[in-house]
Structures are given as structure tokens and as C-alpha cells.
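Trainee: Take this structure, written in C-alpha cells, and hold onto it; I'll ask about it next.
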Amino acid sequence: MPVMMKAAVFVEPGRIEIVDKPIPDVGPNDALIRITTTTICGTDIHILKGEYPVAPGLTVGHEPVGIIEKLGSAVTGYQEGQRVIAGAICPNFNSYAAQDGVASQDGSYLAAMGLCGCHGYQATAGWRFGNKIDGTQAEYVLVPDAQANLAPVPDGLTDEQVLMCPDIMSTGFKGAENANIRIGDVVAIFAQGPIGLCATAGARLLGASTIIAVDGNAHRLDVARSLGADVTLNFRDCDVVEDILRLTGGRGVDSSIEALGLQSTFESALRVLKPGGTLSSLGVYSEDLKIPLSAFAAGLGDHKINTALCPGGKERMRRLMNVIQSGRVDLGVMVTHQYKLDNIVEAYDLFSHQRDNVLKVAVKPA
């Protein structure tokens with residue numbers, strides 16, 4: 181086995197490069213995964229731009245599909261050579277936060293200080309790949325707490341079919357789950373990038389009777405229709421808030437989902453929400469948000485605003501792959517481009533500038 185690997189690392193804002201790094205050692209609770217496919221996420225673009233801080237030299241990426249190369253001595257129930265995925269969020273499920281029901285916010289940040297990661301809470305600290313530890317845009321990745329975080333890929337599913345499960349599908353579905361959608365609900369989903377498209381698919385699975393998808397890209401709106409949207413609105417051609425209120429007879433939607441992370445989309449999602457409705461926020465915001473007084477009914481409208489970091493863990497991954505395997509949703513259509521790891525800087529340029537109708541890029545080391 182080689183001792184060095186190629187990896188895409190954050191150097192400074194505006195700069196990610198391919199470098200050689202040592203292949204990590206495997207501790208008793210870890211698993212070393214040989215990456216067969218990974219991808220670039222919108223959060224990686226926030227890192228590239230310097231909007232979300234990470235340590236220089238950190239390997240970026242958090243969406244792994246691969247093969248177990250080596251197992252730690254304490255990891256049972258898996259085999260070397262087995263195809264697996266791991267969630268973008270890979271918490272320590274022994275932590276206080278996990279047992280409190282918020283595993284994604286656990287104390288994993290403490291491990292870098294030589295302390296027990298089971299203690300402490302920190303927002304987003306369950307997101308370790310490409311945030312707290314080296315990530316997946318490399319030839320190999322070390323999966324911590326592998327017993328709880330590795331999920332075997334069912335036979336017959338391709339890398340591209342399950343590539344959305346570690347993050348995009350889990351996040352989009354969590355947005356729909358957090359929207360408190362009930363059978364027969366009317367739901368508006370603002371932004372139809374990869375996460376918004378998955379939220380659209382999730383809303384359909386949860387029983388929404390009318391799904392209104394909003395975006396400024398005609399191609400993405402077409403994809404949204406294929407995944408379950410009943411009405412598509414291009415914000416470049418209409419006043420979205422007026423149209424949604426007209427479509428609902430002035431009542432407003434039961435739930436709205438914000439999947440971009442801008443003041444404008446958050447505000448619109450709130451303005452179309454009925455009294456007592458739920459706004460599910462999925463965007464990664466890079467500036468302070470302001471809540472308009474009228475849309476918030478001066479704080480008296482019984483509105484609910486839920487935020488989320490997508491769940492991780494093998495059970496979440498198993499359930500998502502079940503949805504794929506059953507044929508309920510085909511998210512392989514979202515993989516629009518493929519690049520070799522050697523050319524990932526070019527892939528970042530394509531993805532960050534949203535050229536050529538890109539949705540997701542499959543990055544393959546080999």
C-alpha cells in the first residue's frame with residue numbers, strides 16, 4: 181500500500197490546490213476508506229471564498245463513496261473491500277449531544293485538543309470531514325467512529341446513485357422533515373440547487389399536495405418538476421410573493437423551505453408563510469439576517485423557524501439508500517459533470533460559477 185496520497189487542500193481564500201499528503205494511520209475506532217467518488221458542495225465554495233473559516237492545509241470535502249481499505253481493531257461488522265458511504269456529518273454517538281438528540285452538534289472539536297469528544301456542545305461540530313478533520317476530496321479518507329458512521333452500499337447501486345446520500349439528500353430531506361409537512365399541505369421551496377431539489381423530492385415523499393418551486397434558472401425548475409414540483413416560479417419573470425399568495429387564495433403556504441442562504445430568499449419564505457406555519461431554513465448564511473416586522477406579525481403569528489445541520493450516522497444513510505433502491509427517487513440525474521481528482525480546481529471553477537447547467541460534479545481519484 182502506498183504511504184502518500186493526493187488531496188485537495190484549502191490554502192487561502194480563493195485558492196484550493198492538489199498536494200501530496202501522508203495516508204492517515206488507522207486508530208482502533210477508525211476506518212480508512214479508498215475514495216471511489218466524491219463531490220463538491222456549496223459549503224466547499226463558502227470555504228473557498230473564505231466565508232467559512234477552516235485551517236490552511238485542511239483537506240476539503242465531506243461526501244464520500246468508497247471501499248474499506250483498512251479497519252481499526254475495535255470496528256466489527258464490516259469487511260475490508262466492502263463498498264460503503266459515510267455521512268458528511270460523522271458524530272460520536274456516545275456524546276452527550278447525541279444522547280440529547282442533536283448528534284450533529286456534538287463535541288468532536290475537543291478531540292483536536294487531546295480531550296474527549298464525548299463532552300461539550302458546539303454548533304456544526306458533528307461535521308468533521310473538511311471542517312475539523314481532513315475531508316474526502318482525496319484518494320483516501322479516515323472515518324472516525326466508523327462503527328456508527330459507515331453504511332454498506334446495497335448491491336446494484338452505483339456510486340452516482342448514492343453520491344447524494346452523505347449530504348445533499350440528507351440535508352434536503354431534513355429540510356422537508358423540519359418543515360412539519362403533513363399530507364395535503366402546500367409547500368414553497370426557495371432555490372432549486374441540489375439541496376433545494378432534494379427538499380422538493382422530500383416534500384413529495386412526505387405527502388405535500390402542492391409543491392411550489394422557486395428559482396431563477398429554467399433548467400433547475402425543469403429538474404424540480406421531475407422530482408415532484410407542481411408549480412414552478414422563475415423569480416426573474418414574476419413577483420414570487422404575490423404569485424404564491426394568489427395561488428393560495430391569500431392564505432399563505434403551510435410550510436416554506438429556504439435552501440440558499442440569502443436575506444432575500446429567507447424574507448420571501450417568511451412573507452408567504454401562513455400564520456402558524458413553519459419556515460425550514462437550510463441555507464448557509466454569510467451575513468446577519470433581518471426579520472421584517474410585517475412578515476413576522478410583530479412576533480405574534482405563531483410562526484416556527486427551524487434550522488438544521490443534516491443528520492449523519494449509518495442508520496440515516498441506510499434509510500436514504502433504501503429510498504434510492506426502492507426507486508421512489510432517482511437523484512443520479514443530479515450528477516451532471518465528472519472530473520478526475522487531478523482536475524478538481526477546474527471543477528471548482530465550473531461549480532462556483534454555475535456554468536453549463538451544473539448541479540453536482542462527480543470527482544473520481546482514479
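Under our numbering, the sequence shown is numbered contiguously, ending at residue 546.
Heads up, the beta-carbon is just placed ideally off N, CA and C, and yes, glycines get one too.
In this text the structure is predicted, and so the values were computed from the model without any measurement.
1. State the DSSP-derived secondary structure class of His242, mapped to helix, strand or coil.
2. Please name the residue in Ser466, Ile220 and Gln285 whose C-alpha comes closest to that of Ser532.
3. Is the Cβ-Cβ distance between Ala318 and Ala187 less than 7 Å?
4. Could you say if the segment 264–280 and the segment 326–336 meet the contact criterion of at least three C-beta pairs nearer than 8 Å?
5. Grouping DSSP H, G and I as helix and E and B as strand, with all else coil, what is Asn397?
6. For Asn274, count neighbouring C-beta atoms within 10 Å of its own C-beta (all shown protein chains included) and say buried if the count is 16 or more, exposed if not.
7. Which value, in whole angstroms, describes the spacing of the CA atoms of Leu401 and Leu469?
8. I believe Glu249 touches Leu212 by the beta-carbon criterion, under 8 Å. Please report the beta-carbon distance rounded to the nearest angstrom.
9. How about Thr445 and Phe370: are their beta carbons less than 7 Å apart?
10. Output the boundary residues of the alpha helix (DSSP H) element that contains Thr351.
11. So, are the CB atoms of Ala326 and Gly306 less than 7 Å apart?
12. So the candidates are Cys345, Ile227, Asn523 and Ile198; which of them puts its Cα closest to the Cα of Ile269?
13. What residue from Leu425, Pro193 and Lys201 has the CA that sits closest to Met184's CA?
14. Any chance you could list the alpha helix (DSSP H) runs of at least 4 consecutive residues sitting entirely within the segment 423–499, in chain order?
15. Of the choices Gly493, Asp536, Leu500 and Val525, whose alpha-carbon is the least far from that of Gly241?
16. What is the rounded straight-line gap between the Cα of Ile391 and the Cα of Ala368?
17. Output yes or no for whether 7 Å exceeds the beta carbon distance between Gln505 and Pro334.
18. Would you give the residue range spanned by the beta strand (DSSP E) that Phe190 belongs to?
19. Touch check for the segment 488–497 and the segment 341–357: three-plus C-beta pairs under 8 Å?
20. Within 10 angstroms of the Cβ of Lys229, are there 16 or more other Cβ atoms? Answer buried if so, exposed if not.
21. Beta strand (DSSP E) containing Leu413: first to last residue?
22. At a cut of 8 Å, does the segment 356–364 reach the segment 373–389 through at least three beta carbon pairs?
23. Taking a contact to mean a Cβ-Cβ separation below 7 Å, would you say Ser214 touches Gly246 in this structure?
24. In the DSSP output, which residue or residues are listed as bridge partners for Tyr528?
25. What residue range is occupied by the uninterrupted beta strand (DSSP E) comprising Leu330?
26. Using C-beta distances below 6 Å, list every residue in its chain close to Gly355, excluding the 5 sequence neighbours before and after it, in chain order.
27. Please check the pair Val411 and Ser448, which I expect to be a contact at CB under 8 Å, by giving their CB distance rounded to whole angstroms.
28. Would Asp439 and Ile485 qualify as a contact pair, given that the criterion is a beta-carbon distance under 7 Å?
29. Taking His483 as the reference, which of Asn502, Leu450, Arg499 and Lys540 has the closest Cα?
30. With DSSP as the reference, label Tyr276 as helix, strand or coil.
31. For Gln372, which three-state DSSP category applies?
32. What distance in whole Å lies between the Cβ atoms of Glu192 and Pro233, which are believed to be in contact at a cut-off of 8 Å?
33. Hey, quick one: how far does the alpha helix (DSSP H) through Leu212 stretch, first residue to last?
34. Please list the terminal residues of the continuous alpha helix (DSSP H) segment that includes His517.
Mentor: Per the coordinate set shown:
1. On the sequence shown, position 62 is the one that residue 242 refers to. If DSSP states are grouped into helix, strand and coil, His242 belongs with coil.
2. Position 352 of the sequence shown, counted from the start, is the residue given in the question as residue 532. Out of Ser466, Ile220 and Gln285, the CA that lies nearest to the CA of Ser532 is found in Ile220.
3. Numbered from its first residue, the sequence shown carries residue 318 at position 138. Numbered from its first residue, the sequence shown carries residue 187 at position 7. Their beta carbons are under 7 Å apart, which means Ala318 touches Ala187 by this criterion.
4. Of all C-beta pairs linking the segment 264–280 to the segment 326–336, three or more are shorter than 8 Å, placing the two stretches in contact.
5. Walking along the sequence shown from the start, residue 397 turns up at place 217. Coil, per DSSP.
6. For the purposes of this step, residue 274 is identified with residue 94 of the sequence shown, where counting begins at 1. The residue is exposed, with fewer than 16 neighbouring Cβ atoms inside 10 Å.
7. For the purposes of this step, residue 401 is taken as the residue at position 221 of the sequence shown. For the purposes of this step, residue 469 is taken as the residue at position 289 of the sequence shown. Whole-angstrom Cα-Cα distance: 26 Å.
8. Mapped onto the sequence shown, residue 249 falls at position 69. Mapped onto the sequence shown, residue 212 falls at position 32. Correct: roughly 5 Å between the Cβ atoms.
9. As a position in the sequence shown, residue 445 is number 265, starting the count at 1. As a position in the sequence shown, residue 370 is number 190, starting the count at 1. The Cβ atoms of Thr445 and Phe370 lie closer than 7 Å to each other.
10. Within the sequence shown, residue 351 is the residue found at index 171, counting from 1. In this chain, the alpha helix (DSSP H) harbouring Thr351 covers Ser350 to Asn358.
11. For the purposes of this step, residue 326 is identified with residue 146 of the sequence shown, where counting begins at 1. For the purposes of this step, residue 306 is identified with residue 126 of the sequence shown, where counting begins at 1. Against a cut-off of 7 Å, the Cβ pair of Gly306 and Ala326 comes out as no contact.
12. As a position in the sequence shown, residue 269 is number 89, starting the count at 1. The shortest Cα separation from Ile269 among Cys345, Ile227, Asn523 and Ile198 belongs to Cys345.
13. The residue labelled residue 184 in the question sits at position 4 within the sequence shown. Distances from the alpha-carbon of Met184 to those of Leu425, Pro193 and Lys201 put Lys201 closest.
14. If we require 4 residues or more, the alpha helix (DSSP H) runs fully inside the segment 423–499 come out as 443–451.
15. Along the sequence shown, read from residue 1 onward, the residue named residue 241 stands at position 61. Among Gly493, Asp536, Leu500 and Val525, the Cα nearest to that of Gly241 is on Val525.
16. As a working note, residue 391 is residue 211 in the sequence shown. As a working note, residue 368 is residue 188 in the sequence shown. When rounded, the separation of the alpha-carbon atoms in Ile391 and Ala368 is 6 Å.
17. Mapped onto the sequence shown, residue 505 falls at position 325. Mapped onto the sequence shown, residue 334 falls at position 154. With respect to the 7 Å criterion, Gln505 and Pro334 are classified as neighbours on the basis of their beta carbons.
18. One-based indexing of the sequence shown puts residue 190 at position 10. In the DSSP annotation of this structure, the continuous segment of the beta strand (DSSP E) that includes Phe190 starts and ends at Met184 to Glu192.
19. Between the segment 488–497 and the segment 341–357, the count of C-beta pairs closer than 8 Å reaches three or more; the two stretches touch.
20. Here residue 229 corresponds to residue number 49 of the sequence shown, with the count starting at 1. Lys229 comes out exposed.
21. Taking the first residue of the sequence shown as 1, we reach residue 413 at position 233. Note, Leu413: beta strand (DSSP E), Val411 to Asn414.
22. Contact between the segment 356–364 and the segment 373–389 is present, because at least three Cβ pairs lie under 8 Å.
23. In the sequence shown, counting from the first residue as 1, residue 214 sits at position 34. In the sequence shown, counting from the first residue as 1, residue 246 sits at position 66. As written in the sequence, residue 214 is Arg, which differs from the Ser given in the question. Between Arg214 and Gly246, the gap from beta carbon to beta carbon is short of 7 Å.
24. For this step, residue 528 is matched to residue 348 along the sequence shown. None; Tyr528 has no bridge partner.
25. Numbered from its first residue, the sequence shown carries residue 330 at position 150. Run containing Leu330: Leu330 to Pro332, per the beta strand (DSSP E) assignment.
26. One-based indexing of the sequence shown puts residue 355 at position 175. Closer than 6 Å at Cβ, skipping near neighbours: Ala379, Ile437, Ser460 and Leu462.
27. Residue mapping note: residue 411 aligns to position 231 of the sequence shown, counting from 1. Residue mapping note: residue 448 aligns to position 268 of the sequence shown, counting from 1. The beta-carbon distance between Val411 and Ser448, rounded to whole angstroms, is 15 Å. This is too long to meet the 8 Å contact definition.
28. Taking the first residue of the sequence shown as position 1, residue 439 is located at position 259. Taking the first residue of the sequence shown as position 1, residue 485 is located at position 305. One detail in the question is off: residue 439 reads as Ala in this sequence, not Asp. Between Ala439 and Ile485, the C-beta gap is not smaller than 7 Å, which leaves the two residues out of contact.
29. Your numbering for residue 483 matches position 303 in the sequence shown. Here the closest residue by C-alpha is Leu450.
30. Mapped onto the sequence shown, residue 276 falls at position 96. Three-state DSSP puts Tyr276 in a helix.
31. Reading the sequence shown from its first residue, position 192 is the one you call residue 372. Secondary structure at Gln372: coil, using DSSP grouped into helix, strand and coil.
32. By 1-based counting over the sequence shown, the position of residue 233 is 53. By 1-based counting over the sequence shown, the position of residue 192 is 12. Contact between Pro233 and Glu192 is ruled out by a C-beta separation of about 11 Å, above the 8 Å threshold.
33. Position 32 of the sequence shown, counted from the first residue, corresponds to residue 212. Careful: Leu212 lies outside any alpha helix (DSSP H), inside the beta strand (DSSP E) at Ala211 to Thr219.
34. Along the sequence shown, read from residue 1 onward, the residue named residue 517 stands at position 337. For His517, there is no enclosing alpha helix (DSSP H); the enclosing beta strand (DSSP E) has its first and last residue at Val515 to Lys520.
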